[in-house]
Amino acid sequence: MTYVIYPDVLFAVNFLLNLVVLKAMSRMLNKTIPPLRIITGAALGATYSCLMLMLPSGYYGIKVFCTYVVVAQVMLYVTFGKCNTREGVRRLALLYVITYLLSGILNGLYYVFGFRNIILTLITFIILKICVEICIYYRNKRKQFYDVVIELGDNKISVRAFLDTGNSLREPISGKTVSIIEEVYIKKLIDNINLSTKYRYIPFHSIGKEKGALDGIEADCMHIDGKTIDKPILAVYTGKLSVSGEYNMLLNNEDWSC
């Protein structure tokens, strides 16, 4: 039996499926990705699918390696940017899971309806989107707390942090986002550190208080959930941020909107 494959149709179908997978990933990773980057990543994957038709038969191992490792990593890099090894493995695993989920849905619908076309893909997209939104809902309900590691010089501290959606505080000179941390943790972080170039003055406005100011410092880096923030600004809070002691730091919401 002879099969006729149209490159333009192959590209369009793969592009749309890649688009669905990458968009679902951005939602699951809780990242807002510019549409152009998602489109570019999807187009690269679709282009590779078309180029595969031009390769000679055989070399199965090489083709599998290129498809599932090289091209997959290129798509993820173009779409989501660079990351550390741990986050890279996490992204790749999520790509596989969503891809296989999508493949299962497509095969199931094909078995039931007996045809493949753009409508089938759109139905799959709707089903997958609903599933992702449900997962995001329950994920966000429980994942508002993070374990944060902050480094300054030779000092390193670990602190439990809460993602405060109402915290959009910024340092006025640099415009950097500011997270708030309890004083007891700052004292551990700045032990034997020269703060002459690290001190920051952070004015703020709040409800019930016309204006005020917080002392702050600039740390070297902050590691959280596979993400590293260079030279974060930390405002010092002299009291307890949580009455129950559930957390000791308030993360800036804007660090998670990009």
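Take 50 as the starting number for the sequence shown in my numbering and just add one per residue.
The beta carbon of each residue, even a glycine, is placed where N, CA and C say it ideally should be.
Note that the coordinates shown come from a computational prediction; the quantities given were computed from them, not determined experimentally.
### Query
In the region 85 to 134, which residue ranges form an unbroken alpha helix (DSSP H) of at least 4 residues, counting only runs that do not cross its ends?
109 to 114, 121 to 129
### Task
Could you pull out every residue in the same chain whose Cβ sits closer than 7 Å to the Cβ of A92, ignoring the five residues on either side in sequence?
What you label residue 92 is simply residue 43 of the sequence shown in a count that begins at 1. Exclusion of the five residues before and after A92 leaves F64 as the residues of its chain whose Cβ lies within less than 7 Å of its Cβ.
### Straight-line gap, L283 to D269 (C-alpha atoms, nearest Å)
By one-based count along the sequence shown, residue 283 stands at place 234. By one-based count along the sequence shown, residue 269 stands at place 220. The straight-line gap from Cα to Cα measures roughly 11 Å.
### Task
Provide the residue span of the beta strand (DSSP E) that contains A210, from first to last.
For the purposes of this step, residue 210 is identified with residue 161 of the sequence shown, where counting begins at 1. Taken as a continuous stretch (DSSP letters only), the beta strand (DSSP E) holding A210 covers 204 to 213.
### Where P281 falls, given that 16 or more other Cβ within 10 Å makes a residue buried
As a position in the sequence shown, residue 281 is number 232, starting the count at 1. By the neighbour-count rule (16 or more Cβ atoms within 10 Å), P281 is buried.
### Message
I need the straight-line Cα distance from L59 to T81, nearest angstrom please.
### Response
Mapped onto the sequence shown, residue 59 falls at position 10. Mapped onto the sequence shown, residue 81 falls at position 32. Using only the alpha carbons, I get a separation of about 28 Å.
### Task
Thinking G275 and R86 are a contact (beta carbons under 8 Å), I'd like their distance in whole angstroms, please.
Against the sequence shown, residue 275 aligns to sequence position 226. Against the sequence shown, residue 86 aligns to sequence position 37. Not really, about 19 Å apart at Cβ, beyond 8 Å.
### Message
I need the straight-line Cα distance from V208 to V292, nearest angstrom please.
### Response
Indexing the sequence shown from 1 puts residue 208 at position 159. Indexing the sequence shown from 1 puts residue 292 at position 243. Distance between the alpha carbons of V208 and V292 is about 16 Å.
### Task
Assign I154 to one of three DSSP states: helix, strand, or coil.
Indexing the sequence shown from 1 puts residue 154 at position 105. Looking at I154 - three-state DSSP - the assignment turns out to be helix.
### Query
I think I230 touches V285, with their Cβ atoms under 8 Å apart; what is that distance to the nearest whole Å?
For the purposes of this step, residue 230 is taken as the residue at position 181 of the sequence shown. For the purposes of this step, residue 285 is taken as the residue at position 236 of the sequence shown. Contact flag correct, Cβ pair sits at about 7 Å.
#### Entry: Reduced DSSP secondary structure (H/G/I, E/B, other) of I287
Along the sequence shown, read from residue 1 onward, the residue named residue 287 stands at position 238. Per the sequence presented here, residue 287 reads as Thr, with Ile not at that position. Three-state DSSP puts T287 in coil, outside helix and strand.
### Task
Using a threshold of 7 Å, state whether the C-beta atoms of S217 and E303 are closer than that.
What you label residue 217 is simply residue 168 of the sequence shown in a count that begins at 1. What you label residue 303 is simply residue 254 of the sequence shown in a count that begins at 1. In this structure, E303 lies closer than 7 Å to S217 by Cβ.
### Query
From which residue to which residue does the alpha helix (DSSP H) around I239 run?
For the purposes of this step, residue 239 is taken as the residue at position 190 of the sequence shown. Looking at the DSSP string, I239 is not in any alpha helix (DSSP H), and its letter there is neither H nor E.
#### Entry: Same chain, Cβ closer than 8 Å to F194, neighbours up to 5 away in sequence not counted
Residue 194 sits at position 145 when you count from the first residue of the sequence shown. Taken in chain order, the residues that qualify are R209, A210, F211, L212, E295, Y296.
### Task
Return the CA-CA distance between V123 and G90, expressed in angstroms with no decimal places.
Counting from 1 along the sequence shown, the entry for residue 123 is found at position 74. Counting from 1 along the sequence shown, the entry for residue 90 is found at position 41. For V123 and G90, the distance between alpha carbons rounds to 8 Å.
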